[in-house]
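Residues in the sequence shown are numbered consecutively from 2, following the numbering used here. Virtual Cβ for every residue (Gly too), placed ideally from N, Cα, C.
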Amino acid sequence: MKIAIIGSGYVGLTTGACFAEVGHEVLCVDNDQGKVKSLREGLVPFYEPGLEAMIARNVAAGRLRFGESIAEAVESSLALFIAVPTPPREDGSVDLHYVEKVAREIAGVLHEYRVVVDKSTVPVRTGEKVAQTIERYSKQKADFDVVSNPEFLREGSAISDLMNPDRIVIGASSERAIAIMKEIYQPFRTPVLITDVNSAELIKHASNSFLAVKISYINMISQICEASKADVLLVAEGMGLDRRIGRSFLQAGLGWGGSCFPKDVSAFIRIAEELGCDFRLLKEAASINRQQRERFLKKIREEIWLLRDKTIGLLGLAFKNNTDDTRQSVAMALAENFIQEGAVVRAYDPKAMAKAKQALPELHLCSRGEEVAQGADCVVVATEWEEFRELDWLSMKKRMVTPLVFDGRNLLDREKMAAWGFTYRGIGR
Numbered sequence: 002m003k004i005a006i007i008g009s010g011y012v013g014l015t016t017g018a019c020f021a022e023v024g025h026e027v028l029c030v031d032n033d034q035g036k037v038k039s040l041r042e043g044l045v046p047f048y049e050p051g052l053e054a055m056i057a058r059n060v061a062a063g064r065l066r067f068g069e070s071i072a073e074a075v076e077s078s079l080a081l082f083i084a085v086p087t088p089p090r091e092d093g094s095v096d097l098h099y100v101e102k103v104a105r106e107i108a109g110v111l112h113e114y115r116v117v118v119d120k121s122t123v124p125v126r127t128g129e130k131v132a133q134t135i136e137r138y139s140k141q142k143a144d145f146d147v148v149s150n151p152e153f154l155r156e157g158s159a160i161s162d163l164m165n166p167d168r169i170v171i172g173a174s175s176e177r178a179i180a181i182m183k184e185i186y187q188p189f190r191t192p193v194l195i196t197d198v199n200s201a202e203l204i205k206h207a208s209n210s211f212l213a214v215k216i217s218y219i220n221m222i223s224q225i226c227e228a229s230k231a232d233v234l235l236v237a238e239g240m241g242l243d244r245r246i247g248r249s250f251l252q253a254g255l256g257w258g259g260s261c262f263p264k265d266v267s268a269f270i271r272i273a274e275e276l277g278c279d280f281r282l283l284k285e286a287a288s289i290n291r292q293q294r295e296r297f298l299k300k301i302r303e304e305i306w307l308l309r310d311k312t313i314g315l316l317g318l319a320f321k322n323n324t325d326d327t328r329q330s331v332a333m334a335l336a337e338n339f340i341q342e343g344a345v346v347r348a349y350d351p352k353a354m355a356k357a358k359q360a361l362p363e364l365h366l367c368s369r370g371e372e373v374a375q376g377a378d379c380v381v382v383a384t385e386w387e388e389f390r391e392l393d394w395l396s397m398k399k400r401m402v403t404p405l406v407f408d409g410r411n412l413l414d415r416e417k418m419a420a421w422g423f424t425y426r427g428i429g430r
């Protein structure tokens with residue numbers, strides 16, 4: 002099937018590449034001419050494991066191409082996926098002006114039936130507004146359907162999430178649109194849930210917010226573990242063995258960050274308020290998330306006293322492993338705190354250093370993980386990159402002023418670190 006993806010950011014580009022991989026003809030459109038030029042030259046603007054090779058393979062096969070024109074997308078494709086940014090406003094609500102702009106542009110060139118698919122994460126009832134906008138501004142009053150098809154991608158494992166999804170949600174009111182969407186997703190062997198548009202839109206916010214609550218819950222448990230001298234790893238393991246609970250998202254740490262959870266939680270709180278519901282549980286989860294970083298900073302200050310004129314080795318800058326995304330990164334927030342309090346921060350991240358340096362020029366970047374320890378009063382593990390486990394920690398100890406490690410992700414082996422002579426501080430341990 003011929004498909005257009007409007008918006009070639011993280012979601013749009015990854016979705017388009019995976020649709021092409023299963024045999025569809027895909028046009029990815031973006032209004033950023035520089036981005037389109039780079040994509041045509043084979044340059045991907047962000048790191049996602051396997052994506053660059055997948056794009057190259059499908060461009061070479063003629064199944065994936067890039068353009069700048071929504072008119073071309075509407076002319077050439079039966080299904081139009083809107084995957085533009087939906088950034089947060091200061092009050093936590095969602096800025097939908099990119100979605101509205103695309104809907105108006107589609108309306109201006111629509112002359113025969115098309116399925117318009119909201120792929121961006123949007124508040125409930127956005128589909129209604131998109132349909133009203135296209136209807137209002139359509140010059141030729143062509144037939145169309147609006148569908149909600151939320152994405153459930155995790156940065157760092159997005160290709161796997163797209164190619165082997167837990168479920169596909171299709172929110173639609175038209176049998177014609179449902180049939181087209183089922184054809185698009187036919188190559189993906191997974192349960193398909195058909196709902197109304199509003200329910201599909203709610204599923205994304207409800208899912209992400211539930212996972213955020215689960216993370217905040219285990220982080221609250223980690224605080225209780227520290228106060229009672231229990232071990233949150235053992236508590237989480239015992240909880241996770243209960244099939245009703247499960248082990249996923251029970252990793253205590255520095256809290257959630259990135260481009261999805263903070264935005265989606267704030268948006269869902271606002272959505273609930275606008276509908277007359279006070280989502281106090283979700284507000285408390287957000288509060289616990291903020292507390293977790295402050296507690297970690299307090300732990301560091303209690304050990305090394307004043308941060309001024311201290312050198313801190315920082316392992317990790319991305320908000321999570323297997324990505325170069327530093328948006329809403331707790332690691333970056335910690336680095337900024339350290340610098341504001343007068344510390345020198347020596348940092349390393351396998352993929353995110355260029356973006357981190359652009360956002361925080363005061364960082365002293367290192368070419369290898371071991372180098373962050375040079376002259377350091379402590380080393381902080383802030384992102385859960387697997388390679389940090391395998392660093393030459395004995396060599397690092399020799400470079401440090403004091404062998405003090407704060408593990409914000411419980412990544413390292415506590416007993417092994419102690420045997421090597423480190424003072425080790427984890428989360429909830």
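Hey, is the segment 175-182 in contact with the segment 114-121, meaning 3+ C-beta pairs nearer than 8 Å?
-> yes
Option in GLU101, LYS284, GLU136, VAL12 with minimal Cα separation from LEU111 = GLU136
Could you give the residue range of the beta strand (DSSP E) that holds ASP119?
-> 115-119
Applying the criterion that 16 or more other CB atoms from any shown protein chain within 10 Å of the CB defines a buried residue, is ASP167 buried or exposed?
-> exposed
Hey, LEU307 and LEU335: beta-carbon distance below 9 Å or not?
-> no
Answer yes if the segment 185-204 comes into contact with the segment 405-423, meaning at least three C-beta pairs across the two stretches below 8 Å, and no otherwise.
-> no
GLU26 in three-state terms, based on DSSP | strand
Three-way DSSP call (helix, strand, coil) for PRO263 in this model | helix
Should the segment 212-221 be regarded as contacting the segment 245-260, the criterion being three or more beta carbon pairs within less than 8 Å?
-> yes
Three-way DSSP call (helix, strand, coil) for HIS365 in this model | strand
Unbroken beta strand (DSSP E) run spanning PHE145, endpoints | 145-149
In chain order, which continuous runs of the alpha helix (DSSP H) of length 4 or greater are located wholly inside the segment 43-103?
-> 52-61, 71-77
Consult DSSP for ILE171 and reduce its assignment to one of helix, strand or coil.
-> strand
For SER229, which of ALA5, GLY429, GLY10 has the nearest alpha-carbon?
-> GLY429
Buried or exposed: which applies to GLN293, given that a residue is buried once 16 or more other Cβ atoms fall within 10 Å of its Cβ?
-> buried
Using 10 angstroms around the beta-carbon of SER288, count the other beta-carbons present and answer buried if the total reaches 16, otherwise exposed.
-> exposed
Anticipated Cβ contact below 8 Å, PHE269 with SER210, distance rounded = 5 Å
In whole angstroms, what is the alpha-carbon distance linking GLU238 and LYS215?
-> 14 Å
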